[in-house]
Amino acid sequence: GAGVSQSPRYKVAKRGQDVALRCDPISGHVSLFWYQQALGQGPEFLTYFQNEAQLDKSGLPSDRFFAERPEGSVSTLKIQRTQQEDSAVYLCASSLGGASGTQYFGPGTRLTVL
Amino acid sequence: AQSVTQLGSHVSVSEGALVLLRCNYSSSVPPYLFWYVQYPNQGLQLLLKYTSAATLVKGINGFEAEFKKSETSFHLTKPSAHMSDAAEYFCAVSASNAGNMLTFGGGTRLMVKP
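Below you can see the structure in the form of structure tokens.
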């Protein structure tokens, strides 16, 4: 079956521009996660949804970052007024739920801010 | 709070040799532990996970890991390395008292020499 998909795969933005990154989770997965992976590092948690409810956004680095999942399926991560330090790969993952549940990752969106 | 330490950011082995990638964790409650593999420009793929059943966990591609509570370790091994095993490997932990997010180590890049 289809896995987690993300679009675009690559995004180049000028500093100060707004960007929107999309995630399509596996059908039926109630949990959705966003992670940020800087070059040469492990992924770091940004935010977590259970269905349409955003249960944890403690990892969002600033109020320029905003995520939504209005119908409990597709999610969008928006970054306003991008800065160079936002350059990273943004990974989306989905799971059936629970701390022991396997998270299935998408291929990521590589964001480069010039 | 939970954390993961992966000793050795780069590991090099010869084809056919034993692979040993080290992971130590910190968690205030019984953890769930995961190993993921990441190939270039791809998302993370689950190799195996520990969820409080058997302490020796077998995964895909001949990998296995042993949960040792006394050593707070979850090292990944494979008896005989193959060229196709060259990739980045991430150890991760989640815990029932910390939401369902994964906390990742910094990763270990495995290089396999012919």
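Taken in order, these protein sequences are the chains called C and B.
Residue 86 is where the first sequence starts when you use the working numbering, and the numbers rise one by one after that.
Residue -17 is where the second sequence starts when you use the working numbering, and the numbers rise one by one after that.
C-beta: ideal position from N, C-alpha, C; glycine also.
**Asked** In chain order, which continuous runs of the beta strand (DSSP E) of length 3 or greater are located wholly inside the segment 135 to 193 of chain C?
**Response** 138 to 141, 150 to 153, 160 to 164, 173 to 180
**Prompt:** For LEU26 of chain B, which beta-bridge partners are listed by DSSP?
**Reply:** Against the second sequence, residue 26 of chain B aligns to sequence position 44. BP columns for LEU26 of chain B point to B:GLN20.
**Prompt:** Residues of chain C with CB under 8 Å from TYR14 of chain B, in chain order?
**Reply:** Residue 14 of chain B sits at position 32 when you count from the first residue of the second sequence. Going along chain C in sequence order, the residues near TYR14 of chain B (Cβ under 8 Å) are ALA184, SER185.
**Asked** If you pair each beta-carbon of the segment 139 to 147 of chain C with each one of the segment 181 to 195 of chain C, do three or more pairs fall below 8 Å?
**Response** no
**Prompt:** Would you report the Cα separation of GLN169 of chain C and LYS99 of chain C, rounded to the nearest angstrom?
**Reply:** Along the first sequence, read from residue 1 onward, the residue named residue 169 of chain C stands at position 84. Along the first sequence, read from residue 1 onward, the residue named residue 99 of chain C stands at position 14. Answer to the nearest angstrom: the Cα atoms are 9 Å apart.
**Neighbourhood of ARG149 of chain C by C-beta, 7 Å cutoff - its chain only, sequence neighbours within 5 removed** = Along the first sequence, one-based indexing puts residue 149 of chain C at 64. So the qualifying residues of the chain are ILE164, GLN165, ARG166.
**Message:** Using 7 Å as the threshold, is the C-beta distance between LEU145 of chain C and THR132 of chain C below it?
**Reply:** Within the first sequence, numbered from 1, the residue matching residue 145 of chain C stands at position 60. Within the first sequence, numbered from 1, the residue matching residue 132 of chain C stands at position 47. Cβ distance < 7 Å, so LEU145 of chain C and THR132 of chain C count as in contact.
**8 Å contact criterion, which GLU(-3) of chain B and LYS95 of chain B should meet: CB distance rounded** = Within the second sequence, the letter at position 15 stands for residue -3 of chain B. Within the second sequence, the letter at position 113 stands for residue 95 of chain B. The pair is a contact, with the Cβ atoms about 7 Å apart (cut-off 8 Å).
**Prompt:** Under 7 Å between C-beta atoms, does GLY193 of chain C make it to chain B?
**Reply:** Along the first sequence, read from residue 1 onward, the residue named residue 193 of chain C stands at position 108. By this cut-off, GLY193 of chain C is an interface position.
**Request:** For the beta strand (DSSP E) holding SER90 of chain C, just list the boundary residues, first then last.
**Result:** As a working note, residue 90 of chain C is residue 5 in the first sequence. Element bounds for SER90 of chain C: 90 to 92.
**chain C contacts from the segment 25 to 43 of chain B (Cβ-Cβ distance under 7 Å)** = GLY25, LEU26, LEU28, LYS31, THR33
**Request:** Tell me where the beta strand (DSSP E) around GLU(-3) of chain B begins and ends.
**Result:** The sequence position of residue -3 of chain B within the second sequence is 15, counting from 1. Looking at the DSSP string, GLU(-3) of chain B is not in any beta strand (DSSP E), and its letter there is neither H nor E.
**Prompt:** Taking the beta strand (DSSP E) that THR(-13) of chain B falls in, what are its first and last residues?
**Reply:** Position 5 of the second sequence holds residue -13 of chain B. THR(-13) of chain B -> beta strand (DSSP E) spans -15 to -13.
**Request:** Could you check if LYS51 of chain B is buried or exposed, using at least 16 other CB atoms within 10 Å of its CB as the buried criterion?
**Result:** Here residue 51 of chain B is taken as the residue at index 69 of the second sequence, counted from 1. Burial call: exposed.
**Message:** Can you give me the C-alpha to C-alpha distance between SER147 of chain C and ASP171 of chain C, rounded to a whole angstrom?
**Reply:** As a working note, residue 147 of chain C is residue 62 in the first sequence. As a working note, residue 171 of chain C is residue 86 in the first sequence. Their Cα atoms are separated by approximately 10 Å.
**Asked** When the Cα atoms are used, what is the spatial distance from LEU176 of chain C to LEU196 of chain C?
**Response** Position 91 of the first sequence, counted from the start, is the residue given in the question as residue 176 of chain C. Position 111 of the first sequence, counted from the start, is the residue given in the question as residue 196 of chain C. Approximately 11 Å between the Cα atoms of the pair.
**Request:** Go ahead and label TYR120 of chain C buried or exposed: buried means 16 or more other beta carbons lie within 10 angstroms of its beta carbon, across all protein chains shown.
**Result:** Sequence index remark: in the first sequence, residue 120 of chain C carries index 35 (1-based). TYR120 of chain C comes out buried.
**Request:** Run down chain C in chain order and give the residues with a C-beta less than 8 Å from the C-beta of PHE56 of chain B.
**Result:** As a working mapping, residue 56 of chain B is identified with position 74 in the second sequence. Chain C residues near PHE56 of chain B: none, gap ~14 Å exceeds 8 Å.
**Prompt:** Below 7 Å between beta carbons: does that hold for ALA77 of chain B and SER9 of chain B?
**Reply:** For the purposes of this step, residue 77 of chain B is identified with residue 95 of the second sequence, where counting begins at 1. For the purposes of this step, residue 9 of chain B is identified with residue 27 of the second sequence, where counting begins at 1. Against a cut-off of 7 Å, the Cβ pair of SER9 of chain B and ALA77 of chain B comes out as a contact.
**Prompt:** Where does LEU2 of chain B land, buried or exposed, given buried means 16+ other C-beta within 10 angstroms?
**Reply:** One-based indexing of the second sequence puts residue 2 of chain B at position 20. Under this definition LEU2 of chain B is an exposed residue.
**Message:** Considering only the alpha carbon of each residue, which of C:PHE118, C:PRO110, C:GLU153 lies closest to LEU84 of chain B?
**Reply:** For the purposes of this step, residue 84 of chain B is taken as the residue at position 102 of the second sequence. Of the listed residues, the one whose Cα sits closest to LEU84 of chain B is C:PHE118.
**Request:** Going by DSSP, name the residue or residues bridged to MET93 of chain B.
**Result:** Here residue 93 of chain B corresponds to residue number 111 of the second sequence, with the count starting at 1. DSSP lists B:SER(-6) as partners of MET93 of chain B.
**Asked** With 7 Å set as the bound, which would you pick, yes or no: does the beta-carbon of GLY157 of chain C sit closer than that to a beta-carbon of chain B?
**Response** One-based indexing of the first sequence puts residue 157 of chain C at position 72. Taking Cβ atoms only, chain B never reaches closer than 7 Å to GLY157 of chain C, which makes this a no.
**Message:** In whole angstroms, give me the CA-to-CA distance for GLY89 of chain B and PRO22 of chain B.
**Reply:** Numbered from 1 along the second sequence, position 107 holds the residue referred to as residue 89 of chain B. Numbered from 1 along the second sequence, position 40 holds the residue referred to as residue 22 of chain B. Distance between the alpha carbons of GLY89 of chain B and PRO22 of chain B is about 13 Å.
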